[in-house]
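Colleague: Before I ask anything, let me first share the structure, which is written out below as structure tokens.
Number of protein chains: 2
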Amino acid sequence: MPSDPSGERISDAEHAVMEVLWDHSPRSATDVCETICDTRDWSIATVKTLLSRLVAKGAVATEPEGRRFLYHPLIARSAYVGGESRRLVDRLFGGRASSLFAHLAQSEALSDEDLTEMEVLLKELRR
Amino acid sequence: MPSDPSGERISDAEHAVMEVLWDHSPRSATDVCETICDTRDWSIATVKTLLSRLVAKGAVATEPEGRRFLYHPLIARSAYVGGESRRLVDRLFGGRASSLFAHLAQSEALSDEDLTEMEVLLKELRR
DNA sequence: TCGTAAAGTCTACAGACGTAGTCGATTAGC
DNA sequence: GCTAATCGACTACGTCTGTAGACTTTACGA
């Protein structure tokens, strides 16, 4: 699975559309709109524009289905998420993931549940 | 220390300037330029523009010093970093920091050192 | 004293982004 | 067959961003 065919960045609004497609695809523009137009208070036109831009960026592909298109992601969610996480860690924590973790811990952004889960994960990683 | 007086977002280029000021302030525009103009390949004009925008956004304040201004941050680095981290975790991991951690772990973005540090931190947090 | 270097302010401009309207083609239902 | 709904393509437009030049004032050195 390609991580990011083009190097183009995906904007916030575009990302919201990607989430819909990652959740379930392929879907038509109308389908996508039905899922987010209400919550984001968008018109169908906005969704169409964002989809075209995503296609132009090589992040989404289309397949014809009758008179319309069905859209599906070309980049995996995990690749996107990984890239964004890395960007953040690089930009703000000098590439040290543990610094990010320390920050979250210190700012009390970690719930008890978070801590437990991480302990489990750490044990697994150490095996 | 206020976390973010205005709600205005700080852009990438602006953030680079903030880092310089966080590292050491107050500084003049020229000082800032001396620190980053080379690495980012910017002209002094660019730095001046970014500084004005940061002042307009309420992220940086000035104090007159003779004929010029000295700039210093109005928002703490930790507040900024915290906000950005939270945004990422909210946007990509449904607010669960442990999911981010799991992702970093899975994508092998965690070094041995990272793991050790986190173990130490976790133990501390549990005390 | 006088010019010049430097500081801040204003203006500029192309590209990205958020948001959406219009238009021409097509299709589905009557 | 014809009309109304629908689809994608194209156009629009204000704002934000990155990047920087031009202009104005001022202070310091010769």
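Here the protein sequences line up with chains U and V, keeping their order. With the first letter of the first sequence counted as 1, position 104 gets the number 104 in this note's numbering; the numbers rise by one all the way through. With the first letter of the second sequence counted as 1, position 127 gets the number 1127 in this note's numbering; the numbers rise by one all the way through. No residue lacks a Cβ here, since even glycine has one placed at the ideal position from N, Cα and C.
Identify whether ARG1040 of chain V lies in helix, strand or coil by the three-state DSSP scheme.
Modeller: Residue mapping note: residue 1040 of chain V aligns to position 40 of the second sequence, counting from 1. Helix at ARG1040 of chain V.
Colleague: Does LEU88 of chain U come within less than 9 Å of chain V when only Cβ atoms are used?
Modeller: The residue you call residue 88 of chain U lines up with position 88 of the first sequence. LEU88 of chain U counts as touching chain V.
Colleague: Quick one, are the C-beta atoms of ALA16 of chain U and ILE36 of chain U less than 9 Å apart?
Modeller: The count along the first sequence starts at 1 and reaches residue 16 of chain U at position 16. The count along the first sequence starts at 1 and reaches residue 36 of chain U at position 36. Cβ atoms of ALA16 of chain U and ILE36 of chain U: closer than 9 Å.
Colleague: Does the segment 1009-1029 of chain V come within contact of the segment 1070-1077 of chain V, defined as at least 3 CB pairs closer than 8 Å?
Modeller: Yes, they touch.
Colleague: Where does the unbroken alpha helix (DSSP H) through ALA1102 of chain V begin, and where does it stop?
Modeller: As a first step, residue 1102 of chain V must be located in the second sequence, where it is residue number 102. Per DSSP, ALA1102 of chain V belongs to the alpha helix (DSSP H) from 1097-1106.
Colleague: I want to see whether chain V comes within less than 9 Å of GLU130 of chain U, judged by CB atoms only; does it?
Modeller: Nothing in the structure corresponds to residue 130 of chain U, since chain U is present only between 1 and 127.
Colleague: Name, in chain order, the residues that DSSP records as bridge partners for VAL1060 of chain V.
Modeller: For the purposes of this step, residue 1060 of chain V is identified with residue 60 of the second sequence, where counting begins at 1. DSSP lists V:PRO1073 as partners of VAL1060 of chain V.
Colleague: Considering just the uninterrupted stretch of the alpha helix (DSSP H) at LEU121 of chain U, what are its terminal residues?
Modeller: Within the first sequence, residue 121 of chain U is the residue found at index 121, counting from 1. LEU121 of chain U -> alpha helix (DSSP H) spans 112-126.
Colleague: Quick one: Cα of TRP42 of chain U to Cα of CYS33 of chain U, how far?
Modeller: By 1-based counting over the first sequence, the position of residue 42 of chain U is 42. By 1-based counting over the first sequence, the position of residue 33 of chain U is 33. TRP42 of chain U and CYS33 of chain U: Cα-Cα distance of roughly 8 Å.
Colleague: By Cβ distance, which residues of its chain are closer than 6 Å to LEU1110 of chain V, with the 5 residues on each side in sequence left out?
Modeller: In the second sequence, counting from the first residue as 1, residue 1110 of chain V sits at position 110. Taken in chain order, the residues that qualify are LEU1104.
Colleague: Counting along the chain, where does the alpha helix (DSSP H) carrying ALA1016 of chain V start and finish?
Modeller: Locating residue 1016 of chain V in the second sequence gives position 16, where the first residue counts as 1. ALA1016 of chain V -> alpha helix (DSSP H) spans 1012-1023.
Colleague: Out of U:GLU8, U:LEU54 and U:VAL81, which has the shortest C-alpha to C-alpha gap to ALA29 of chain U?
Modeller: As a first step, residue 29 of chain U is located in the first sequence; it is residue number 29 there, counting from the start. If we check each option's Cα against that of ALA29 of chain U, U:LEU54 comes out closest.
Colleague: Are the C-beta atoms of LEU92 of chain U and some chain V residue less than 9 Å apart?
Modeller: Along the first sequence, read from residue 1 onward, the residue named residue 92 of chain U stands at position 92. Yes - at least one Cβ of chain V is within 9 Å of the one on LEU92 of chain U.
Colleague: Check whether the segment 1047-1063 of chain V and the segment 86-100 of chain U touch, using three or more Cβ-Cβ pairs below 8 Å as the test.
Modeller: Because the criterion of three Cβ pairs below 8 Å is not met, the segment 1047-1063 of chain V and the segment 86-100 of chain U do not touch.
Colleague: Less than 9 Å between CB atoms is the rule here; does PHE101 of chain U satisfy it with respect to chain V?
Modeller: Position 101 of the first sequence holds residue 101 of chain U. Yes, PHE101 of chain U lies at the interface with chain V (some Cβ there is under 9 Å from its Cβ).
Colleague: So, does the CB of HIS1015 of chain V fall closer than 9 Å to a CB anywhere in chain U?
Modeller: Locating residue 1015 of chain V in the second sequence gives position 15, where the first residue counts as 1. HIS1015 of chain V counts as touching chain U.
Colleague: Is the separation between the beta-carbon of TYR1080 of chain V and that of MET1118 of chain V shorter than 9 Å?
Modeller: Walking along the second sequence from the start, residue 1080 of chain V turns up at place 80. Walking along the second sequence from the start, residue 1118 of chain V turns up at place 118. No. Outside cutoff.
Colleague: What residues of chain U sit near VAL1060 of chain V, judged by a beta carbon separation below 9 Å?
Modeller: In the second sequence, residue 1060 of chain V corresponds to position 60, counting from 1. Ordered by position in chain U, no residue passes the 9 Å Cβ test against VAL1060 of chain V, which lies about 18 Å from the chain.
Colleague: If we define contact as Cβ-Cβ less than 9 Å, is VAL20 of chain U a contact residue for chain V?
Modeller: If you number the first sequence from 1, residue 20 of chain U lands on position 20. It does not; no Cβ of chain V falls within 9 Å.
Colleague: For ARG96 of chain U, which option in V:ASP1114, V:PHE1093 and V:GLY1095 has the closest C-alpha, if you only look at C-alpha atoms?
Modeller: The residue given as residue 96 of chain U occupies position 96 in the first sequence. Checked all of V:ASP1114, V:PHE1093 and V:GLY1095; the closest Cα to ARG96 of chain U is V:ASP1114.
Colleague: Examine chain U for any beta-carbon lying closer than 9 Å to the beta-carbon of ILE1036 of chain V, and answer yes or no.
Modeller: For this step, residue 1036 of chain V is matched to residue 36 along the second sequence. It does not; no Cβ of chain U falls within 9 Å.
Colleague: Can you name the residues of chain U whose CB is closer than 7 Å to the CB of HIS1119 of chain V?
Modeller: Position 119 of the second sequence, counting from 1, holds the residue named residue 1119 of chain V. Looking at the sequence shown, residue 1119 of chain V is not His but Glu. Residues of chain U passing the Cβ test: LEU122.
Colleague: Got a sec: is the Cβ-Cβ distance from SER11 of chain U to anything in chain V below 9 Å?
Modeller: Taking the first sequence and counting its residues from 1, one reaches residue 11 of chain U at position 11. Answer no: the Cβ-Cβ gap between SER11 of chain U and chain V never drops below 9 Å.
Colleague: Would you say SER52 of chain U lies against chain V (beta-carbon separation less than 9 Å)?
Modeller: Mapped onto the first sequence, residue 52 of chain U falls at position 52. So no, SER52 of chain U is outside the interface.
Colleague: Looking at ALA13 of chain U and the ligand HEM, is the gap between the Cβ and the nearest heavy atom below 8 Å?
Modeller: This structure lacks the ligand HEM, and indeed carries no ligand of any kind.
Colleague: For VAL1047 of chain V, count the other beta carbons within 10 Å of its own beta carbon; 16 or more makes it buried, fewer makes it exposed. Which is it?
Modeller: Residue numbering aside, residue 1047 of chain V sits at position 47 when the second sequence is read from its first letter. Buried.
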